[in-house]
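Participant: Before I ask anything, let me first share the structure, which is written out below as structure tokens.
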Amino acid sequence: METKEVKAYGTKAMDAPLHVMNIKRRELQHRDVEMEILYCGICHSDLHQIKNDFGMTMYPIVPGHEIVGKITRVGEHVSKFKEGDLAAIGCIVDSCQECDNCHDGEEQFCDQFPTFSFNSPDKYLGGATYGGFSETYICEDKYVLHMPEKLDLASAAPLLCAGITVYSPLMHWQAGPDKKVGILGIGGLGHVAIKMAKAMGAEVTVFTTSASKVDDAKRLGADHAVLSKDADAMAKYTGQMHFIIDTVSAKHDVNSFLNLLRRDGTLVLVGLPPEPLEVGSFNVVLGRKSLAGSNIGGIKETQEMLDFCANHDITADIELIQVDQINDAFERLEKGDVKYRFVVDMATLKS
Ligand code: NAP
Ligand code: ZN
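Residue numbers -1 to 349, in our numbering, belong to the letters of the sequence shown in order.
Next up, the structure:
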């Protein structure tokens, strides 16, 4: 297959900094679109994968899966987009479209495993898919979203992963009026979850390990903010929550948060601590509680989420950086020093 060389930012090893490299994009297929990438968010999953936290990284790796840009070319069978359209690509760029999960629009659970926008086996070119820290992306139009004109493009980029990852469980567990929703961790995912849960009408309580985020959580819309290291403050919320989203990226004691659930409540993990978490049997048995998980969301739901955000004026609070600041940004993300998402201005890759 013919390929086109484009510039990207990636690394060949877990301990080497990211740097400019050339990668190949496939020739445009009949159902493909080509996107010029304008902005790409930095998610903690990019960091996990660079560091091979899950033991599945294929180097060289070009991360980036919160991708927004402009359509530059369309294949001859594409009617969904035309040149010049604003568009977005998230985590999923292909799936079997034959299994029940794909038929139900839950491509993230495809029986054949979806192809992710980076670090997935590339069916066309072999090797791994390369993500959004690059000049362009090419994939089938089905996996590309329409970007509502109303949203600021840079601060909307994080919606493509952080946004859908919290929107999907909020919808599934029916966050809304009369529901008390807890959010653990105010990072990229957590801060968007606050805004969405409030827009859905829920009463939102956040639990953070960072004293500096307590007041900020209220600015973001939370009704209550609790320093989770403060046992007395935590005790006041015992048995209160209908539903908790856990966005914590590292090993932590999930039991103290299960205790915050009321009868039949659910704590859903979306954070991906690399090590297993320990669960005390009494923390779920008493009160018939559920410990659940959720993974991004399907393509249809991702479009629905973008439209919901446009209707409710929801975007991420971002720090816009240049490509040559990516390594510093990953160091800061690892230390929890970001309020609340880094987004890379991909135009700076060209210069
Ligand atoms: P992030 O911006 O780094 O936020 C994570 C937050 O977790 C931090 O801001 C911090 O919040 C809290 N935290 C970090 N270390 C902690 C520790 N040792 N103990 C307690 N709290 C801690 O990361 P993100 O981009 O939001 O991603 C969060 C997690 O979700 C990552 O593991 C990521 O890989 C995963 N993820 C999963 C999916 C999915 O589909 N399931 C999708 C995207 C991301 P406070 O300072 O408020 O305590
Ligand atoms: Zn992500």
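Just so it is clear, CB atoms sit at the ideal spot from N, CA and C, and this is done for glycine as well. Predicted model, so just to flag it, every value in this text is computed and none were measured.
#1: Compare the Cα-Cα distances from Phe205 to each of Val190, Met198 and Ile242 and report the closest residue.
#2: Please report the residue range of the alpha helix (DSSP H) in which Ser292 lies.
#3: Determine the DSSP secondary structure at Met344, reduced to helix, strand or coil.
#4: Figure out for me which residue from Asp221, Val246, Ala248 and Ser247 has the closest Cα to the Cα of Tyr235.
#5: Comparing C-alpha positions only, which one of Arg23, Val164, Asp51 and Thr1 sits nearest to Val190?
#6: Who pairs with Asp311 in a beta bridge, going by DSSP?
#7: For the pair the segment 271 to 278 and the segment 200 to 214, tell me if three or more CB-CB distances fall below 8 Å.
#8: Would you mind working out which of Leu123, Glu138 and Gly73 sits nearest Ser93, comparing C-alpha positions?
#9: Can we count His63 as close to the ligand ZN, meaning its CB is less than 7 Å from some heavy atom?
#10: Mapping the DSSP letters down to three states, classify Arg29 as helix, strand or coil.
#11: Quick check: the Cα distance between Lys211 and His101, rounded to an integer number of angstroms?
#12: Grouping DSSP H, G and I as helix and E and B as strand, with all else coil, what is Met54?
#13: Measuring CB atoms only, is the segment 321 to 334 touching the segment 138 to 150, in the sense that at least three cross pairs come out at less than 8 Å?
#14: Exposed or buried, Lys333, counting other C-beta atoms within 10 Å across all chains shown (16 or more means buried)?
#15: In whole angstroms, what is the alpha-carbon distance linking Lys78 and Cys307?
#16: Note down, one range per segment and in chain order, each alpha helix (DSSP H) of at least 4 residues found wholly within the segment 173 to 255.
#17: Between which two residues does the beta strand (DSSP E) carrying Ile59 extend?
#18: In three-state terms, what does DSSP make of Arg260?
#19: Quick one: what's Asn117 bridged to in DSSP?
#20: Taking C-alpha atoms, which residue in Cys38, Leu256, Ala223 and Asp13 lies nearest to Thr207?
Facilitator: This is what the structure holds:
#1: Ile242
#2: Where Ser292 is concerned, there is no enclosing alpha helix (DSSP H), given that its DSSP letter is neither H nor E.
#3: helix
#4: Asp221
#5: Val164
#6: Answer is none; Asp311 lacks a bridge partner.
#7: no
#8: Glu138
#9: yes
#10: coil
#11: 41 Å
#12: coil
#13: no
#14: exposed
#15: 21 Å
#16: 186 to 197, 212 to 217 and 229 to 233
#17: From DSSP, Ile59 is part of no beta strand (DSSP E); its letter is neither H nor E.
#18: strand
#19: Asn117 is not bridged to any residue.
#20: Ala223
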